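Participant: Going by our numbering, the sequence shown opens with residue 10, and the numbers climb by one from there.
Have a look at this one.
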Amino acid sequence: MSRRIERINRLIQRELGKIIQKEIDFPEHILVTITRVETSPDLMQAKIFVSFIPETKDSYYLSILNKNLPFLQRKVGESLHIKVTPKIKFIEEQKTKEAAKIEELLEEIKRR
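Structure, rendered in structure tokens:
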């Protein structure tokens with residue numbers, strides 16, 4: 010991955026995180042985290058991986074983000090000042106769940 014793409018990924022992650030925190034109404038006590046961003050080399054698409062705490066209604070929280078996708082897309086475009094704003098796609102992060110499961114198994118082994 011080129012340095013330019015890495016820089017754009019970090020920039021999208023930071024700006025989108027700020028926008029979500031300030032502009033999107035989630036229920037109280039919900040933590041939304043953008044875990045990583047993967048932008049295509051042609052800058053046309055960006056996969057935004059998100060996780061939610063608590064994890065009880067992940068699909069509901071993801072639907073809130075998808076409902077606000079046009080607004081978020083526009084705000085990211087305004088804040089980035091690049092020629093082409095990547096088309097955003099939100100994806101529920103699975104790696105954090107897998108890591109938590111592994112951590113839980115290691116703790117169980119440790120207790121034995």
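We put the CB at the ideal spot given by N, CA and C, even for glycine.
Computed from a prediction, not measured in an experiment: that's the story for all the values here.
#1: Where does GLN82 sit, in a helix, a strand or coil, going by DSSP?
#2: Per DSSP, ILE130 is paired with what?
#3: Given a cut-off of 8 Å on the beta-carbon distance, is the pair GLN22 and VAL46 in contact?
#4: Just mark TYR69 as buried or exposed, buried being the case when its beta carbon has 16 or more other beta carbons within 10 Å.
#5: Check whether the Cβ atoms of LEU25 and ILE73 sit closer than 8 Å, and answer yes or no.
#6: Between which two residues does the alpha helix (DSSP H) carrying ARG13 extend?
Facilitator: With the given structure in hand:
#1: helix
#2: Within the shown structure, residues of the chain are numbered from 10 to 121, placing residue 130 beyond reach of any answer.
#3: yes
#4: exposed
#5: no
#6: 12-32
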